[in-house]
Amino acid sequence: MHQNPFSTTWIRVPLLVCLSIWVSGCGGGDLGDAPTLYPVKGTIKKDGTGLKDVRVSFVPVDDGTPAVGVSGEDGTYALSNPKGGMGARAGAYKVVLSVTTSPESYSGKGDPNLAKLPFPKSYSSKTTTPKSYTVKEGENVVDIEF
1 MHQNPFSTTW IRVPLLVCLS IWVSGCGGGD LGDAPTLYPV KGTIKKDGTG LKDVRVSFVP
61 VDDGTPAVGV SGEDGTYALS NPKGGMGARA GAYKVVLSVT TSPESYSGKG DPNLAKLPFP
121 KSYSSKTTTP KSYTVKEGEN VVDIEF
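Heads up: the sequence shown runs through residues 1 to 146, numbered per the UniProt record's numbering.
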């Protein structure tokens, strides 16, 4: 009897080895590597009224990944980490704001060069923003009012 070189034994062993390596190597990393995040939320208001569609970025003073949130209809926001999870790591941050909709929606004019930001321009850069905050363990509430 002639044995086929592709018999089930010849296929099973390499297939099982490859499958075992593939399954064990696709774990996505140790969950212990995930940073500890603490909830950060607040409200952005101008003259007592919540500002909608403002991107709130907590940019680390030192190197690191910013945590970002966008204000809703009532001006409330909650930060999330782009790498996954809600909140921000503990540490010192500069608070940077930007507009998430077209600038003309704030000025009423079609020319973006004439647009008015709903907040002082100094808040739009890490180097010029006057707002800073240190995220601590537990819940953090950071309200911003103009």
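Quick reminder that beta carbons are idealized off the backbone N, C-alpha and C, glycines included.
Cβ-based neighbour list, residue i, same chain, cut-off 7 Å, excluding 5 preceding and 5 following
i: Ser122; result: Thr128, Thr129, Pro130
i: Tyr77; result: Lys41, Gly42, Ile44, Val56, Gly69, Val70, Ser71
i: Gly138; result: Tyr38
i: Val141; result: Lys41, Gly42
Pick from the options that is closest to residue i, judged by C-alpha positions
i: Ile144; options: Ala90, Gly75, Leu79, Ala34; result: Gly75
i: Asn81; options: Val141, Tyr38, Asn140, Tyr133; result: Tyr38
i: Tyr93; options: Gly48, Thr36, Asp47, Pro66; result: Pro66
i: Pro35; options: Leu51, Met86, Phe146, Glu139; result: Met86
i: Glu73; options: Gly50, Asp62, Ala90, Lys136; result: Gly50
Other residues of its chain near residue i: CB distance less than 6 Å, five sequence neighbours each side excluded
i: Val96; result: Ser57, Val59, Lys126, Thr129
i: Thr100; result: Asp53, Arg55, Val70
Local conformation of residue i per DSSP, three classes
i: Ser57; result: strand
i: Lys121; result: helix
i: Gly91; result: strand
i: Ser132; result: strand
i: Asn140; result: strand
i: Lys41; result: strand
i: Glu145; result: strand
i: Gly69; result: strand
i: Lys83; result: coil
Spatial neighbours of residue i in its chain, beta-carbon cut-off 8 Å, leaving aside the 5 residues before and after
i: Ser98; result: Val54, Arg55, Ser57, Ser124
i: Gly91; result: Pro60, Val61, Asp62, Gly64, Thr134, Val135
Near the ligand MG: residue i beta-carbon under 7 Å from a heavy atom
i: Pro82; result: In the structure shown, the ligand MG is absent, as is every other ligand, since no ligand is present at all.
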